[in-house]
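Number of protein chains: 2
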Amino acid sequence: MMYQLYYWPGIQGRGEFIRLALEEGGARYVDVAVLPEAKGGGVPAILQVLEARNIQRPPFAPPILKVGAKLIAQTPNILLYLGGRLGLAPTDELGRLWTHQLQLTILDFYLEIFHTHHPLGDGYAYEEQKPAAKRRTKDFLAVRMPKFLGYFERVLELNRARGGPWMVGARLSYADLSMAQVIAGLRYAFPSVSRRAFRNRPRLRALHDVVFDRPRIAHYVASGRRLAFNNEDLFRHYPELDR
Amino acid sequence: MMYQLYYWPGIQGRGEFIRLALEEGGARYVDVAVLPEAKGGGVPAILQVLEARNIQRPPFAPPILKVGAKLIAQTPNILLYLGGRLGLAPTDELGRLWTHQLQLTILDFYLEIFHTHHPLGDGYAYEEQKPAAKRRTKDFLAVRMPKFLGYFERVLELNRARGGPWMVGARLSYADLSMAQVIAGLRYAFPSVSRRAFRNRPRLRALHDVVFDRPRIAHYVASGRRLAFNNEDLFRHYPELDR
Chain A
1 MMYQLYYWPG IQGRGEFIRL ALEEGGARYV DVAVLPEAKG GGVPAILQVL EARNIQRPPF
61 APPILKVGAK LIAQTPNILL YLGGRLGLAP TDELGRLWTH QLQLTILDFY LEIFHTHHPL
121 GDGYAYEEQK PAAKRRTKDF LAVRMPKFLG YFERVLELNR ARGGPWMVGA RLSYADLSMA
181 QVIAGLRYAF PSVSRRAFRN RPRLRALHDV VFDRPRIAHY VASGRRLAFN NEDLFRHYPE
241 LDR
Chain S
1 MMYQLYYWPG IQGRGEFIRL ALEEGGARYV DVAVLPEAKG GGVPAILQVL EARNIQRPPF
61 APPILKVGAK LIAQTPNILL YLGGRLGLAP TDELGRLWTH QLQLTILDFY LEIFHTHHPL
121 GDGYAYEEQK PAAKRRTKDF LAVRMPKFLG YFERVLELNR ARGGPWMVGA RLSYADLSMA
181 QVIAGLRYAF PSVSRRAFRN RPRLRALHDV VFDRPRIAHY VASGRRLAFN NEDLFRHYPE
241 LDR
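Protein chains in written order, with our numbering: chain A, 1 to 243; chain S, 1 to 243.
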């Protein structure tokens with residue numbers, strides 16, 4: 001099966017959670033918008049899907065996964081679909097729901113991270129909402145981030161008896177990939193604060209390392225296809241917020 | 001099967017999306033925190049679940065559905081679980097994913113509605129973030145709300161050939177229930193703006209009416225168990241934002 005991923009070029013964004021799953025799962029895929037426009041890629045390729053009026057079940061926004069003629073959207077939904085097919089989720093119903101539940105909690109977490117720099121939404125540039133960003137970030141770093149990290153560390157601790165460093169059972173799942181990505185993003189956005197925050201979260205630190213040491217993930221990072229974090233992205237580094 | 005729902009008392013909140021599904025599906029359930037504390041209800045019942053240290057797969061936050069000894073959390077995840085069991089979702093995989101995709105887009109929408117009054121998050125009272133709320137709401141009402149409503153109206157239009165007023169195929173799904181709830185919430189929060197916004201959205205208006213006219217939903221509303229919208233809730237009415 002050949003997959004086609006539609007996601008905004010130039011950023012990791014929500015697309016990266018899908019890319020990590022495709023890479024770890026050894027899937028064949030085309031990152032459509034990375035292709036030159038002349039070859040059917042770029043932003044126009046995405047707009048074409050979003051603006052098409054002949055799609056019976058249209059997506060609202062990227063990321064969008066095209067499988068044959070089918071279009072599947074919404075990050076956790078795409079991962080739910082890929083999980084079973086790429087061996088990145090348990091096969092029993094309760095295990096699948098638990099993995100998905102974790103993914104939705106990871107979504108809550110990275111949305112709150114996005115809101116630290118864009119509390120007033122995408123409609124205003126960061127520079128237009130700096131005071132609001134400072135206040136939101138203060139609460140996030142003091143209250144919300146510790147709550148999320150404490151929760152995920154506990155999930156890892158509870159799953160320790162299964163032997164692995166993973167969140168669900170004895171095998172890596174897509175939730176582990178997404179969690180490692182969020183940890184990497186937090187470290188980019190808040191290098192100073194996150195150094196302290198991860199000091200007493202040994203299981204999250206270990207999860208990050210073991211994910212990025214996986215042969216296929218390491219190969220993907222080394223390939224140059226994984227973009228660098230940058231300040232147009234979901235995770236952004238503003239030194240004035242990192243305190 | 002007897003279900004137990006754990007959700008904060010006194011508000012509809014995210015719990016209401018689950019309640020509407022349980023009611024329409026004719027499920028037997030206990031709304032645990034509505035019970036008096038002396039009978040094991042109230043906020044303490046929720047805290048007991050959140051603070052328990054003997055749960056192998058702990059929830060992060062309500063709503064939480066207890067089924068036998070199982071705990072399932074995250075609103076779209078609970079609906080995914082209930083959808084098949086209560087006849088509120090298609091039985092084929094693609095139909096289930098499409099319904100879930102719509103639910104996740106509805107989630108995006110009601111989160112943005114929540115952010116209109118709490119752009120800086122739960123950590124500050126509305127009164128502490130009024131200027132930020134005004135700016136966020138301005139962008140929401142001008143740009144985001146029309147985008148979401150236009151999308152959902154289009155989904156209904158595309159599904160017209162199936163004969164029903166529904167979003168997915170020929171039968172009501174949990175996404176229809178959630179969509180109707182969001183429409184009701186928008187009308188409560190923004191009575192003036194939403195009157196204009198729904199003027200040219202006949203299919204969304206019809207969906208709202210047909211959902212709240214369903215015998216079981218009408219019975220639920222008439223029972224007094226459905227709480228009134230209020231300003232401690234997800235949808236809040238601040239006249240200064242409704243313009």
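Backbone N, C-alpha and C define an ideal beta-carbon position, used for all residues, glycine too.
With DSSP collapsed to three states, give me the class of residue i.
i	result
residue 234 of chain S	coil
residue 174 of chain S	helix
residue 151 of chain S	helix
residue 69 of chain S	coil
residue 30 of chain A	strand
residue 11 of chain S	coil
residue 106 of chain S	helix
residue 46 of chain S	helix
residue 55 of chain A	coil
residue 91 of chain A	coil
residue 124 of chain A	coil
residue 111 of chain S	helix
residue 129 of chain S	coil
Got a sec? Which residues, its chain only, sit under 7 Å from residue i by beta carbon, not counting five neighbours each side?
i	result
residue 37 of chain A	44
Would you kindly report the start and end of the unbroken beta strand (DSSP E) that includes residue i?
i	result
residue 6 of chain S	2 to 6
What residue from the options has the CA that sits closest to residue i's CA?
i	options	result
residue 5 of chain S	S/61, S/66, S/40	S/66
residue 224 of chain A	A/1, A/3, A/12	A/12
residue 105 of chain S	S/93, S/127, S/133, S/76	S/76
residue 149 of chain S	S/79, S/52, S/221, S/203	S/203
residue 159 of chain A	S/25, S/58, S/2	S/58
residue 64 of chain S	S/120, S/47, S/53	S/47
residue 196 of chain A	A/146, A/185, A/235, A/220	A/146
residue 112 of chain S	S/200, S/10, S/135, S/20	S/135
residue 61 of chain S	S/49, S/128, S/189	S/49
residue 237 of chain A	A/22, A/141, A/188, A/221	A/188
residue 116 of chain A	S/121, S/117, S/239, S/116	S/121
residue 214 of chain A	A/2, A/15, A/23, A/9	A/23
residue 110 of chain A	A/239, A/240, A/233	A/233
residue 151 of chain S	S/93, S/102, S/133	S/102
residue 8 of chain S	S/35, S/222, S/141, S/28	S/35
Ordered along the chain, which non-local residues of its own chain (more than five positions away) have a Cβ less than 8 Å from that of residue i?
i	result
residue 207 of chain A	156, 165, 166, 167, 176, 179, 180, 183
residue 96 of chain A	80, 83, 84, 89, 90
residue 52 of chain S	58
residue 273 of chain S	In this structure chain S extends from 1 to 243, so residue 273 of chain S is not present and cannot be described.
Would you grab the beta carbon distance between residue i and residue j for me? Rounded to a whole angstrom, and I think it's under 8 Å.
i	j	result
residue 173 of chain A	residue 88 of chain A	6 Å
residue 124 of chain S	residue 139 of chain A	7 Å
Between residue i and the ligand NAD, is there a pair consisting of the residue's CB and a ligand heavy atom that are separated by less than 6 Å?
i	result
residue 191 of chain S	Among the components of this structure there are no ligands whatsoever, and the ligand NAD is therefore not found.
Terminal residues of the continuous alpha helix (DSSP H) containing residue i?
i	result
residue 210 of chain S	202 to 212
residue 78 of chain S	75 to 85
residue 39 of chain S	From DSSP, residue 39 of chain S is part of no alpha helix (DSSP H); its letter is neither H nor E.
residue 220 of chain S	215 to 222
residue 142 of chain A	Neither: residue 142 of chain A is in no alpha helix (DSSP H) and is coded neither H nor E.
residue 168 of chain S	From DSSP, residue 168 of chain S is part of no alpha helix (DSSP H); its letter is neither H nor E.
residue 63 of chain A	It is not in any alpha helix (DSSP H) - residue 63 of chain A carries neither H nor E in the DSSP assignment.
residue 196 of chain A	191 to 197
Among the residues of its own chain, which have a CB less than 6 Å from the CB of residue i, if the five just before and after it don't count?
i	result
residue 192 of chain A	242
residue 100 of chain A	80
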